[in-house]
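Visitor: As you go down the protein sequences, you meet chains A and B in turn.
Numbering follows numbering that gives the first Met the number 0, in which position 106 of the first sequence is assigned residue number 105; successive positions increment by one, without gaps.
Numbering follows numbering that gives the first Met the number 0, in which position 48 of the second sequence is assigned residue number 47; successive positions increment by one, without gaps.
There are 2 protein chains.
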Amino acid sequence: MKIGILGTGMVGEALGTKFTQLGHQVKMGSRSAMNEAATAWVKGAGPNASQGTFADAADFGEMVFICLKGAVFLDVVKTLPPKSLTGKVLVDVSNPLDFSKGTLSLSICNTNSLGEEVQKAAPQAKVVKTLNIVNCEVMVNPANGGNPTMLLCGNDLGAKGTVTQLLKSMGWNDVLDLGDITKSRGTEMLLPLWLNLFGLLGNPAFGFKIVRGY
Amino acid sequence: MKIGILGTGMVGEALGTKFTQLGHQVKMGSRSAMNEAATAWVKGAGPNASQGTFADAADFGEMVFICLKGAVFLDVVKTLPPKSLTGKVLVDVSNPLDFSKGTLSLSICNTNSLGEEVQKAAPQAKVVKTLNIVNCEVMVNPANGGNPTMLLCGNDLGAKGTVTQLLKSMGWNDVLDLGDITKSRGTEMLLPLWLNLFGLLGNPAFGFKIVRGY
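#1: Once you ignore the five residues that flank Gly51/B on each side, which residues in its own chain have a CB closer than 6 Å to its CB?
#2: Closer than 8 Å, Cβ to any Cβ of chain A: which residues of the region 46-72 of chain B, in chain order?
#3: From Cys108/B to Gly15/A, what distance separates their C-alpha atoms?
#4: Under 9 Å, Cβ to Cβ, is there at least one residue of chain B near Pro80/A?
#5: Does DSSP put Cys135/B in a helix, a strand or coil?
#6: Can we say the region 167-180 of chain B touches the region 124-143 of chain B, given the rule of at least three CB pairs closer than 8 Å?
#7: Between which residues of its own chain and Gly45/A is the CB-CB distance below 8 Å, once the five residues before and five after are set aside?
#8: Using a 10 Å radius around the Cβ and a threshold of 16 neighbouring Cβ atoms, would you call Asp74/B buried or exposed?
#9: Please confirm if the region 84-92 of chain A is in contact with the region 56-76 of chain A, defined as three or more CB-CB distances below 8 Å between the two stretches.
#10: Out of Lys77/B, Gly101/B, Gln24/B, Lys128/B, which one is the CA nearest neighbour of Gly178/B?
#11: Chain A partners of Thr110/B, CB-CB under 7 Å?
#12: Run through chain B and tell me which residues come within less than 9 Å of Leu177/A, C-beta to C-beta.
#13: Do Leu67/A and Gly6/A have their C-beta atoms closer together than 9 Å?
#14: Helix, strand or coil for Gln50/A, going by three-state DSSP, please let me know.
#15: Go through the region 37-123 of chain A residue by residue and report every complete run of the beta strand (DSSP E) that reaches 3 residues or more, in order.
#16: Which residue or residues does DSSP assign as beta-bridge partners of Gln24/A?
#17: What is the DSSP secondary structure of Gly206/A, counted as helix, strand or coil?
#18: Does the region 159-167 of chain B come into contact with the region 186-193 of chain B, if we say contact requires no fewer than three beta-carbon pairs (one atom in each stretch) closer than 8 Å?
#19: Where does Leu150/A sit, in a helix, a strand or coil, going by DSSP?
#20: Pull up the CB-CB distance for Val210/A and Gly185/B, whole angstroms please, since I reckon it's below 8 Å.
#21: Please list, in chain order, the residues of the region 113-146 of chain A that have any C-beta partner in chain B closer than 9 Å.
#22: Counting only Cβ pairs nearer than 7 Å, list the residues of chain A close to Gly206/B.
#23: Starting from Thr129/A, trace the beta strand (DSSP E) in both directions and tell me its first and last residue.
#24: Quick one: which chain A residues come within Cβ less than 7 Å of Gly185/B?
#25: Please report the distance separating the alpha-carbon of Pro203/B from that of Gly153/B.
#26: Measure the C-alpha to C-alpha separation of Pro147/A and Asn131/A and round it to an integer number of angstroms.
#27: Taking 9 Å as the CB-CB limit, is Leu96/B close to chain A?
#28: If we call anything under 9 Å between Cβ atoms a contact, is Gly114/B one with Phe205/A?
#29: In angstroms with no decimal places, state the Cα-to-Cα distance between Thr181/A and Asn111/A.
#30: Can you tell which of Lys42/B, Glu136/B, Gly3/B, Ala36/B has its C-alpha closest to the C-alpha of His23/B?
#31: In chain B, which residues lie with their C-beta within 9 Å of the C-beta of Lys17/A?
#32: Give a yes or no on whether the minimum CB-CB distance between Met188/B and chain A is below 9 Å.
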């Protein structure tokens, strides 16, 4: 499959590398077509890897991953040709983290979510929210986080099925479909606890497993 | 130990019954000293159980549990003689759930929490936030929820130690101290996901286990 990745940070690199290892073709996009982090990544990741602008990556992908900080996609989407996302599965891995107040808070939450805003900003795409509840080391190898549950949500059943298949190929055996994109509220609101635990445990090698009594 | 319980709903009843079974003396408090639900509970729970007003229950308890809906404690506390809570461990099991908008939201979250407001409203007490992340059937028997992790937080180490001992006596083997009372934000913000899962799984017999890779 052809996968576009928006963002050249740790999350984009980790997912991009994993996808090339699984045999997918990956184009990493950034503001500049010749972004240095992307160039370095392409060199390391081999022949399945390429780079370009955000628009290049979106246009390239049959599936497109949002690996941008905070709510940055809501600005980036305005720079994309609308048809570059038409009918595509758009996977939102980002969280509306806001560190501007000195302490952590979410810039959107409770009665709305970034996932919902992403779907509104790209109505021509099928948005699936997932992977946002673990660190990127765990995203690409669930065993690194003790094999937690992966939660996903979105309005399109087919898109969620495609993403679930990809997650399974990455090692995610416990994947739970929470429902429509409004369910992003609950998964994004896990972030304050996630950051608390990250500080407490001293590393990001953990996750949340939904356990059941009967 | 003498335990006061504020509230006569499902949570108060389940915890009250469990505590009497563990040999504690429990007084359940409500607006009226002769609340019918409390009377029925006292009849069933045996000689360790008694009832009274909110003030009676607070005064009685060496440890006092808040088992009230939403943020109701913030009103109830104004009716209590301040010394009824002085120096006591005040366990906040409640969540700032707001169903008034037709759909669920939290009345306090993100940059504040009910746990923090409870501590501000009762500065003479040592507030510990815990048990708010599972249904009452799981609170009193963690196996009913697949033995999840129990999270707690608060400003007083001694109070958290006392509550942890009580939790262990109730069957909680995986108890994690998240830090000070501001960490209530993270646990209360689990509620939208909890309610989502309750609807999805069809019963409340579940919980969140923190799992680790290394």
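Cβ atoms here follow ideal geometry from the backbone N, Cα and C, with glycine treated the same way.
All figures in this text were calculated on a predicted structure; none of them were measured in a lab.
Guide: For this structure:
#1: In the second sequence, residue 51/B corresponds to position 52, counting from 1. The residues are Lys26, Gly28, Ala32.
#2: none
#3: As a first step, residue 108/B must be located in the second sequence, where it is residue number 109. As a first step, residue 15/A must be located in the first sequence, where it is residue number 16. Going from the Cα of Cys108/B to the Cα of Gly15/A covers about 35 Å.
#4: Looking up residue 80/A in the first sequence gives position 81. Taking Cβ atoms only, chain B never reaches closer than 9 Å to Pro80/A, which makes this a no.
#5: Taking the first residue of the second sequence as 1, we reach residue 135/B at position 136. Of the three classes helix, strand and coil, the one that applies to Cys135/B here is helix, per DSSP.
#6: yes
#7: Indexing the first sequence from 1 puts residue 45/A at position 46. Result list for Gly45/A: Thr19, in chain order.
#8: Numbered from its first residue, the second sequence carries residue 74/B at position 75. Asp74/B should be labelled exposed.
#9: Under the three-pair Cβ rule at 8 Å, the region 84-92 of chain A counts as touching the region 56-76 of chain A.
#10: On the second sequence, residue 178/B is found 179 positions in, with the first residue counted as 1. Considering only Lys77/B, Gly101/B, Gln24/B, Lys128/B, the residue with the shortest C-alpha distance to Gly178/B is Lys128/B.
#11: If you number the second sequence from 1, residue 110/B lands on position 111. Chain A residues near Thr110/B: Ser104.
#12: Taking the first sequence and counting its residues from 1, the one referred to as residue 177/A is at position 178. Within 9 Å Cβ-Cβ: Leu192, Asn195, Leu196, Leu199.
#13: As a first step, residue 67/A is located in the first sequence; it is residue number 68 there, counting from the start. As a first step, residue 6/A is located in the first sequence; it is residue number 7 there, counting from the start. Yes; because the gap between Cβ atoms is below 9 Å, this pair is in contact.
#14: Within the first sequence, residue 50/A is the residue found at index 51, counting from 1. Three-state DSSP puts Gln50/A in a strand.
#15: 48-52, 62-65, 88-91
#16: Reading the first sequence from its first residue, position 25 is the one you call residue 24/A. BP columns for Gln24/A point to Lys1/A.
#17: Your numbering for residue 206/A matches position 207 in the first sequence. Here Gly206/A sits in strand by DSSP.
#18: no
#19: Indexing the first sequence from 1 puts residue 150/A at position 151. Residue state, collapsed to three classes: strand.
#20: As a position in the first sequence, residue 210/A is number 211, starting the count at 1. As a position in the second sequence, residue 185/B is number 186, starting the count at 1. Cβ atoms of Val210/A and Gly185/B stay farther apart than 8 Å, at about 19 Å.
#21: Glu136, Val137, Asn140, Pro141, Ala142, Asn143, Gly144, Gly145, Asn146
#22: Here residue 206/B refers to the residue found at position 207 when the second sequence is read from its first residue. Simply Val210.
#23: Taking the first sequence and counting its residues from 1, one reaches residue 129/A at position 130. Membership of Thr129/A in the beta strand (DSSP E) is indicated by the continuous run 125-129.
#24: By 1-based counting over the second sequence, the position of residue 185/B is 186. For Gly185/B, the residues of chain A that pass the 7 Å Cβ criterion are Pro191, Leu192, Asn195, in the order they occur in the chain.
#25: In the second sequence, counting from the first residue as 1, residue 203/B sits at position 204. In the second sequence, counting from the first residue as 1, residue 153/B sits at position 154. A direct Cα-Cα distance of roughly 26 Å separates Pro203/B from Gly153/B.
#26: The count along the first sequence starts at 1 and reaches residue 147/A at position 148. The count along the first sequence starts at 1 and reaches residue 131/A at position 132. Asn131/A has its alpha-carbon roughly 13 Å from the corresponding atom of Pro147/A.
#27: In the second sequence, counting from the first residue as 1, residue 96/B sits at position 97. So, not an interface residue.
#28: Taking the first residue of the second sequence as position 1, residue 114/B is located at position 115. Taking the first residue of the first sequence as position 1, residue 205/A is located at position 206. Cβ distance not < 9 Å, so Gly114/B and Phe205/A don't count as in contact.
#29: Locating residue 181/A in the first sequence gives position 182, counting from the first residue. Locating residue 111/A in the first sequence gives position 112, counting from the first residue. Computed Cα separation, rounded: 7 Å.
#30: The count along the second sequence starts at 1 and reaches residue 23/B at position 24. Residue Gly3/B is the option with its Cα nearest to His23/B.
#31: Looking up residue 17/A in the first sequence gives position 18. The premise fails here: Lys17/A is roughly 16 Å from chain B at the closest Cβ pair, so nothing lies under 9 Å.
#32: Along the second sequence, read from residue 1 onward, the residue named residue 188/B stands at position 189. Met188/B counts as touching chain A.
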